[in-house]
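Visitor: Under this note's numbering, think of the first position of the sequence shown as 292, with each following residue one higher.
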Amino acid sequence: MNGELIVLTLTFLGVGSAFAKRNYQSNALVEAWSESPERQDAPDDNLLIDFGSTGPLALYQLKDLAGFSYLVRNGAIYYPAIRRVFITHVHQDHIGGIEEFAILNRRSRLYQDSSVEKPLLLGAPGVLDLLWENCLKGGLGVMANRRVALDDYFRVVRLGGASAGNDGKFTLLDRYELSIFPTDHVRLNEKYDWPSYGLVIHDLQSGESVVYSGDTRFDPESLIPKAEHARLIFHDVQLEPEPDSVHALLGELRTWPEPIRRKMVLYHFSDGWEDPKYRVVKAEFAGFAFPQRRVVLFGSSPHPSGPNRVV
Ligand SMILES: [Zn+2]
Numbered sequence: 292m293n294g295e296l297i298v299l300t301l302t303f304l305g306v307g308s309a310f311a312k313r314n315y316q317s318n319a320l321v322e323a324w325s326e327s328p329e330r331q332d333a334p335d336d337n338l339l340i341d342f343g344s345t346g347p348l349a350l351y352q353l354k355d356l357a358g359f360s361y362l363v364r365n366g367a368i369y370y371p372a373i374r375r376v377f378i379t380h381v382h383q384d385h386i387g388g389i390e391e392f393a394i395l396n397r398r399s400r401l402y403q404d405s406s407v408e409k410p411l412l413l414g415a416p417g418v419l420d421l422l423w424e425n426c427l428k429g430g431l432g433v434m435a436n437r438r439v440a441l442d443d444y445f446r447v448v449r450l451g452g453a454s455a456g457n458d459g460k461f462t463l464l465d466r467y468e469l470s471i472f473p474t475d476h477v478r479l480n481e482k483y484d485w486p487s488y489g490l491v492i493h494d495l496q497s498g499e500s501v502v503y504s505g506d507t508r509f510d511p512e513s514l515i516p517k518a519e520h521a522r523l524i525f526h527d528v529q530l531e532p533e534p535d536s537v538h539a540l541l542g543e544l545r546t547w548p549e550p551i552r553r554k555m556v557l558y559h560f561s562d563g564w565e566d567p568k569y570r571v572v573k574a575e576f577a578g579f580a581f582p583q584r585r586v587v588l589f590g591s592s593p594h595p596s597g598p599n600r601v602v
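#1: Hey, quick one: how far does the beta strand (DSSP E) through ASP527 stretch, first residue to last?
#2: Could you tell me the alpha carbon to alpha carbon distance between ASN436 and GLY429, rounded to whole angstroms?
#3: Using a Cβ-based criterion (distance less than 8 Å to any ligand heavy atom), does ALA309 qualify as near ligand 1?
#4: Taking the CB atoms as reference points, tell me whether PRO371 and ASP404 lie closer together than 9 Å.
#5: Taking all protein chains shown into account, do 16 or more other C-beta atoms lie within 10 angstroms of the C-beta of GLU322, making it buried, or fewer, making it exposed?
#6: Under 8 Å, with one C-beta from each stretch per pair, do the stretch 522-538 and the stretch 434-453 reach the 3-pair mark?
#7: Cutting at 6 Å between CB atoms, please list the residues of its own chain near ALA518, excluding the five before and the five after it.
#8: Given 8 Å as the limit, tell me if HIS526 has its C-beta closer than that to any heavy atom belonging to ligand 1.
#9: For ALA323, which of helix, strand or coil comes out of DSSP?
#10: Whose beta carbon lies closer than 5 Å to any heavy atom of ligand 1, going through the chain in order?
#11: Does the structure place the stretch 528-542 close enough to the stretch 493-500 that three or more beta carbon pairs sit under 8 Å?
#12: Go through its chain and collect everything with a Cβ distance to GLU390's Cβ below 7 Å, but skip five positions before and after it.
#13: DSSP state of GLY307, grouped into three classes?
#14: Hey, quick one: how far does the beta strand (DSSP E) through VAL587 stretch, first residue to last?
#15: How is GLN331 classed by DSSP in three states: helix, strand or coil?
#16: At which residues does the alpha helix (DSSP H) containing GLY568 begin and terminate?
#17: So what's SER246 in DSSP terms, helix, strand or just coil?
#18: Need the endpoints of the beta strand (DSSP E) that VAL253 sits in, please.
#19: For PRO516, count neighbouring Cβ atoms within 10 angstroms of its own Cβ and tell me buried if that reaches 16, exposed if not.
#20: If we count the other Cβ atoms within 10 Å of its Cβ and call it buried at 16 or more, is LEU356 buried or exposed?
#21: Below 9 Å between beta carbons: does that hold for ILE340 and GLY590?
#22: Which residues in the same chain as ARG545 place their Cβ atom closer than 8 Å to its Cβ, once the five residues preceding and following it in sequence are excluded?
#23: Touch check for the stretch 339-353 and the stretch 471-486: three-plus C-beta pairs under 8 Å?
#24: Where does ALA367 land, buried or exposed, given buried means 16+ other C-beta within 10 angstroms?
#25: Since HIS493 sits in a beta bridge, which residues does DSSP pair it with?
#26: Quick one: Cα of SER325 to Cα of GLU499, how far?
#27: Using the beta-carbon count (16 or more within 10 Å), is ASN318 buried or exposed?
#28: Taking Cβ positions, are GLY387 and SER344 nearer each other than 9 Å?
#29: Report the three-state DSSP secondary structure of TYR369 (helix, strand or coil).
#30: Could you give the C-beta distance for ARG397 and TYR444, rounded to a whole number, given that I count them as a contact under 8 Å?
#31: Taking Cβ positions, are HIS538 and HIS559 nearer each other than 9 Å?
Below you can see the structure in the form of structure tokens.
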């Protein structure tokens with residue numbers, strides 16, 4: 292592997308909020324390349340960040356775009372091409388496609404290629420417990436006349452917590468380290484008491500980082516220290532004020548220091564983002580995220596790269 296050419300990219304399947312109808316929900320495909328997307332048919336490793344109820348349709352569309360043909364087999368989505376799924380939290384826009392992902396992966400193993408490995412499912416213990424017991428067990432809990440568990444479908448990796456033995460971190464290609472952090476999304480009694488997580492992605496070679504907020508309320512105490520050192524920040528946003536919002540409001544994010552805002556790409560937005568009153572997003576931030584465009588996060592490639600560069 293040539294360490295000089297390694298590239299990490301991110302492609303949003305969609306950039307919409309939970310209830311958006313003009314964009315798919317905000318799920319993302321991270322791909323690690325030992326050379327570059329221009330030189331390889333498929334990445335060396337990859338990771339889905341969340342897979343919501345619009346995820347299967349979004350992926351079905353993405354697979355037909357140039358550079359994503361490794362996701363297709365016989366005209367359908369080839370789920371085993373996705374090695375890992377990381378779940379930030381269990382709202383439907385983040386986990387609603389997981390049942391399909393699990394069943395069609397299993398079918399590929401049984402009926403097409405027995406060498407296909409179970410995909411990795413990663414998440415904090417609190418997220419994974421809720422995911423199985425409260426979300427998936429009803430649909431996936433029985434298979435071929437027997438009761439089954441989450442690890443009948445996935446190789447489950449519990450990130451952090453007393454028994455995990457991994458400090459809440461995992462790597463792609465031994466170069467990109469992904470660390471989870473709790474987000475202040477939904478509260479039962481107090482901040483961080485409902486399981487929800489974001490990611491910081493570190494390039495261990497260059498020392499650079501990228502922040503992916505997941506779903507969070509406005510939380511500058513947690514996010515600004517991470518964002519100050521990052522080259523790029525993907526932050527969820529709620530465009531219109533709303534009482535007890537569980538997302539950061541655009542008006543709140545506009546109060547952040549300009550050097551940080553210039554590195555912030557906003558995602559998870561509602562329909563109606565083209566309204567002229569949201570031109571501030573382009574003027575004051577790095578802009579709105581685009582759906583289904585591959586963006587270089589880090590890595591030197593034969594072409595110049597930079598924040599939000601599309602390949
Ligand atoms: Zn949520």
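Each residue gets a CB set at the ideal place from its N, CA and C atoms; glycine is no exception.
Guide: Quick answer:
#1: 523-527
#2: 14 Å
#3: yes
#4: yes
#5: buried
#6: no
#7: VAL502, ILE524 and ILE551
#8: no
#9: strand
#10: HIS382 and ASP506
#11: no
#12: LEU427, GLY430 and LEU431
#13: strand
#14: 585-589
#15: coil
#16: The sequence shown places Lys at residue 568, not Gly. Unbroken run through LYS568: none, as it is neither H nor E.
#17: Only positions 292 to 602 of the chain appear in this structure, which leaves residue 246 out of reach.
#18: Because the chain is modelled from 292 through 602, residue 253 falls outside the range shown and cannot be assessed.
#19: exposed
#20: exposed
#21: no
#22: ARG552, VAL571 and GLU575
#23: no
#24: exposed
#25: GLU468 and SER500
#26: 18 Å
#27: buried
#28: yes
#29: coil
#30: 6 Å
#31: yes
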